[in-house]
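In our numbering, the protein residues as written are 61 to 347.
Don't be surprised by glycine CBs; every beta carbon is placed ideally from N, CA and C.
In this text the structure is predicted, and so the values were computed from the model without any measurement.
See structure below.
What follows is the structure, encoded as structure tokens:
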């Protein structure tokens, strides 16, 4: 009987160890997406997002080490490494080490890769773009003109039939300049939009920042162009620092509140003094 119990215990122990080792060896698949950004024809960078399927839903994955490359026709040039943040995103600027490859062609390819670790399998992603840019200008009567160009045979050529968004930058996002969400470029690569946001507050000088955007295009990526215009309303700052109010600084509280407070203090101390005299009288009568 004792031998049978030992065999049963050993079998059970082996099953537990096997299940544990199998659980440790199972890794999740990692899904990486890569996008190209050109902000205001000045700052260019790549943005990678790491996701993994957990309980049937894709979730962003943090702390994943990613390696970024710019791809030449024959080899890859390292741009750098980055680690995904809490949102699963990692950003890498296109550095000067890629300048020669960048100048060599109107089309560019980028890639990003993640090595296998204890939790996830290795993964990679690529993106190819055509060099493009947006120019932004204004005409009379607050008309906004945006033009989309692509680099073709070393010449900036207008691009037609592409949807652009024209908006005003605000603190928490962008506000369309009119009722139309997007505008389609014509044969000259142009879109025009009427500024219909009258009385929109601007900065301290009344300036607004116009922005023309191309989002997640399969050829050109993400492009933006910005322009500062004096079309906003200059805010009028009225300070109540030296005025009497309920929350003012010391010495500027409302007069009625001061009178009320001082009256209460006076009444309380009067009662205390009166009680002291009454106690003295009682003591003298007792003596």
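**Prompt:** Between residue 152 and the rest of its own chain, which residues show a CB-CB distance below 7 Å, the 5 nearest in sequence each way excluded?
**Reply:** Cβ within range, chain order: 105, 106, 128, 139, 140, 142.
**Request:** Quick one: give me the first and last residue of the beta strand (DSSP E) that residue 271 is part of.
**Result:** Where residue 271 is concerned, the enclosing beta strand (DSSP E) stretches over 268-277.
**Prompt:** Any idea if residue 356 is buried or exposed, counting beta-carbon neighbours within 10 angstroms, 16 or more meaning buried?
**Reply:** Summary: the structure shown does not reach residue 356, with the chain confined to residues 61 through 347, and so no result is reported for it.
**Message:** For residue 260, which residues in the same chain have their Cβ closer than 7 Å to its Cβ, ignoring the five residues on either side in sequence?
**Reply:** Result list for residue 260: 228, 268, 292, 293, in chain order.
**Asked** To the nearest angstrom, how far is it from the Cα of residue 255 to the Cα of residue 224?
**Response** The straight-line gap from Cα to Cα measures roughly 15 Å.
**Asked** Would you say residue 271 and residue 234 are within 8 Å of each other, going by their C-beta atoms?
**Response** The Cβ atoms of residue 271 and residue 234 sit closer than 8 Å to each other.
**Prompt:** Cα separation between residue 250 and residue 178?
**Reply:** C-alpha separation (whole angstroms): 51 Å.
**Asked** What three-state label does DSSP hand residue 169 in the structure shown?
**Response** Strand, per DSSP.
**Message:** Whole angstroms are fine: how far does the CA of residue 339 sit from the CA of residue 332?
**Reply:** Residue 332 and residue 339: Cα-Cα distance of roughly 11 Å.
**Item:** Residues near residue 184 in its chain [Cβ-Cβ closer than 8 Å; skip 5 each side]
**Value:** The residues are 92, 171, 172, 173, 174.
**Residue range of the unbroken beta strand (DSSP E) whose run includes residue 281** = Where residue 281 is concerned, the enclosing beta strand (DSSP E) stretches over 281-289.
**Prompt:** What separation, rounded to the nearest whole angstrom, lies between the Cα atoms of residue 304 and residue 266?
**Reply:** Rounded to the nearest angstrom, the two C-alpha atoms are 30 Å apart.
**Request:** Would you kindly report the start and end of the unbroken alpha helix (DSSP H) that includes residue 344?
**Result:** 315-346 is the span of the alpha helix (DSSP H), which, as asked, contains residue 344.
**Request:** With DSSP as the reference, please indicate the residues paired to residue 216 in a beta bridge.
**Result:** Residue pairing by DSSP puts residue 216 in a beta bridge opposite 211.
**Asked** Given that a residue counts as buried once 16 or more other Cβ atoms are within 10 Å of its Cβ, and exposed if not, what is residue 330?
**Response** Around the beta-carbon of residue 330, fewer than 16 other beta-carbon atoms lie within 10 Å, marking it exposed.
**Message:** Beta-carbon within less than 8 Å of residue 90's beta-carbon, same chain only, minus the 5 sequence neighbours each way: which residues are those?
**Reply:** Close CB contacts of residue 90 within its chain, under the 8 Å cut and outside five residues either way in sequence, are with 110, 111, 112, 121, 124, 174, 180, 181, 182, 183 (chain order).
**Request:** Mark residue 346 as exposed unless 16 or more other C-beta atoms lie within 10 angstroms of its C-beta, in which case mark it buried.
**Result:** Counting the other CB atoms within 10 Å of its CB gives residue 346 a total below 16, which places it among the exposed residues.
**Prompt:** Can you list the beta strand (DSSP E) stretches of 3 or more residues lying completely in the region 102-171, in chain order?
**Reply:** With a minimum length of 3 residues, the continuous beta strand (DSSP E) runs that stay inside the region 102-171 are 103-114, 117-120, 125-131, 136-143, 149-153.
**Asked** Since residue 235 is in the beta strand (DSSP E), which residue starts that stretch and which ends it?
**Response** Start and end: 233-236.
**Asked** In angstroms, rounded to a whole number, what distance separates the CA positions of residue 114 and residue 186?
**Response** Whole-angstrom Cα-Cα distance: 24 Å.
**Request:** Answer yes or no: do residue 192 and residue 285 have a C-beta to C-beta separation smaller than 8 Å?
**Result:** No, they are not a contact pair.
**Item:** Identity of the residue in 212, 202, 88 nearest residue 280 by Cα
**Value:** Answer by Cα proximity: 212.
**Residue from 215, 298, 318, 248 with nearest C-alpha to residue 306** = Out of 215, 298, 318, 248, 318 has the C-alpha closest to the C-alpha of residue 306.
**Asked** How many whole angstroms separate the CB atoms of residue 97 and residue 282, which I take to be in contact at a CB cut-off of 8 Å?
**Response** Taking a contact as a CB-CB distance under 8 Å, the pair residue 97 and residue 282 counts as one, their CB atoms being some 5 Å apart.
**Item:** Sequence-distant residues of its chain with Cβ nearer than 7 Å to residue 242 (five each side left out)
**Value:** Within the same chain, residue 242 has close Cβ partners 223, 224, 225.
**Asked** Which one of 321, 262, 208 has the shortest CA to CA distance from residue 101?
**Response** Of the candidates 321, 262, 208, the one whose C-alpha sits nearest the C-alpha of residue 101 is 208.
**Request:** For my contact list, residue 169 and residue 147 are in at a C-beta cut-off of 8 Å; report their separation, rounded to the angstrom.
**Result:** About 25 Å separates the beta carbons of residue 169 and residue 147, which is beyond the 8 Å limit, so they are not a contact pair.
**Prompt:** At what residues does the beta strand (DSSP E) containing residue 304 begin and finish?
**Reply:** Where residue 304 is concerned, there is no enclosing beta strand (DSSP E), given that its DSSP letter is neither H nor E.
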